[in-house]
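Position 20 (the sequence shown) corresponds to 12 in the numbering used here; numbering is contiguous.
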Amino acid sequence: MDAIGVIPARYSATRFPGKLLANICGKPIIQHVWERASRARLVERLVIACDDERILSVAQSFGAECVITAKGHLSGSDRITEVVGSLDVKVVVNIQADEPLVQPLMIDRLVEALLNDETISMATLIKRIEHHHEVDNPNIVKVVIDKNNFALYFSRAPIPYRAENAKVQPIYYKHIGLYAYTKDFLFTFKNIIPSYLENIERLEQLRALEEGFRIKVIETQFDTVGVDTPQDLERVRRILTREQLRDST
C-alpha cells in the first residue's frame, strides 16, 4: 500500500472536551473531517484512531473505519504508530481531527511529495498569511523556510522579525498542521525524546528539526480553521453554512 490516512481523535481535549462530536450543519466535526479526507485520491485507506467509545460509536454510525487505541498516548503521532505498526505501507498521513475545512487536495499534495522523492521523510503544509493580525496570534504557528522549501523553524512568535532599517517587507507563512511521513521515519520520530525547543514552544515538529531531520513544506492556497474553542466552532459553522448556501444555488 502506498499511502494511508489516519485521523487521531482524542475525546478529552483540554480546552474543549468532546469537541469532535460537536454539531456543525447537521454533522459532528469528526464526520466533516472524515468525509473530506476520504475524497483524497492517493490515500488507499482511511482510519480514525480514537481513545473513547463515544467517538467510536459515532464514527461507525457514518461508516468510517475506526479503531480504539490506548488512552496514554501523548500525541497524535504516537497514536498513529499503534495503528500502522503492523501494516505494509510507505506513506502515513496525519490528518487533524479538529480541522473540518481540510481539503482532499492538501492530503494528495503531501503524499505526492513523499512518493516522488525518496529523500523526503516528512512533509507538511504552509499558507501565506494575508491578514496581519494573524502574525501576532500565538495560536497561529508561523514558519520560515529555506530556498529549497524546507523548514528552518516553526514558532508561535512572529517570524521572521523585520528590523527597523530592513529594506524588504517580510512574507509570513502560517503552518497548516497536516503531516505526512514515511512509515520508517514515523517510528524514528516516535522514539526521539521530546526536545528543548519543542517543550518551550509546545510544537512537536521542532523535535524533528532539533534532531537534524528536514521537513519539506508545500505551499497551499487552502486555509483551515482548527476548532480549539467554542468560538472557533461558531466560525467554522458560519463558513460551512455559506458553502452550503453557495452550493445550493
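Just so it is clear, CB atoms sit at the ideal spot from N, CA and C, and this is done for glycine as well.
Q. Span of the beta strand (DSSP E) holding Ser147?
A. Position 155 of the sequence shown, counted from the start, is the residue given in the question as residue 147. Residues 143 to 147.
(Q) To the nearest angstrom, how far is the alpha carbon of Pro92 from that of Ala32? (A) Along the sequence shown, one-based indexing puts residue 92 at 100. Along the sequence shown, one-based indexing puts residue 32 at 40. One C-alpha to the other measures close to 14 Å.
Q | Option nearest Pro162 by Cα separation, candidates Arg148, Ser4, Ala172, Val136 | A | Numbered from its first residue, the sequence shown carries residue 162 at position 170. Out of Arg148, Ser4, Ala172, Val136, Val136 has the C-alpha closest to the C-alpha of Pro162.
Q. So what does DSSP say about His167, is it helix, strand or coil?
A. Counted from its first residue, the sequence shown places residue 167 at position 175. In the structure shown, His167 sits in a strand (DSSP, three-state: E or B).
Q) Ordered along the chain, which non-local residues of its own chain (more than five positions away) have a Cβ less than 7 Å from that of Thr221? A) For the purposes of this step, residue 221 is taken as residue 229 along the sequence shown, with counting starting at 1. Here the set comprises Arg7, Phe8.
Q. Of the choices Lys175, Asp224, Arg28, whose alpha-carbon is the least far from that of Pro96?
A. Within the sequence shown, residue 96 is the residue found at index 104, counting from 1. Nearest of Lys175, Asp224, Arg28 to Pro96, Cα basis: Arg28.
Q) To which residues of the same chain is Gly218 closer than 6 Å at the C-beta, ignoring the five residues directly before and after it? A) Here residue 218 corresponds to residue number 226 of the sequence shown, with the count starting at 1. These residues qualify, in order along the chain: Asp90, Glu91.
Q. What are the uninterrupted segments assigned as beta strand (DSSP E) that are 3 or more residues long and contained completely in the segment 74 to 148, given in chain order?
A. 83 to 86, 114 to 120, 134 to 137, 143 to 147
Q) Ordered along the chain, which non-local residues of its own chain (more than five positions away) have a Cβ less than 6 Å from that of Ser113? A) Locating residue 113 in the sequence shown gives position 121, where the first residue counts as 1. Taken in chain order, the residues that qualify are Thr174, Phe177.
Q: Would you check if there are 3 or more beta carbon pairs closer than 8 Å linking the segment 61 to 73 to the segment 125 to 133?
A: no
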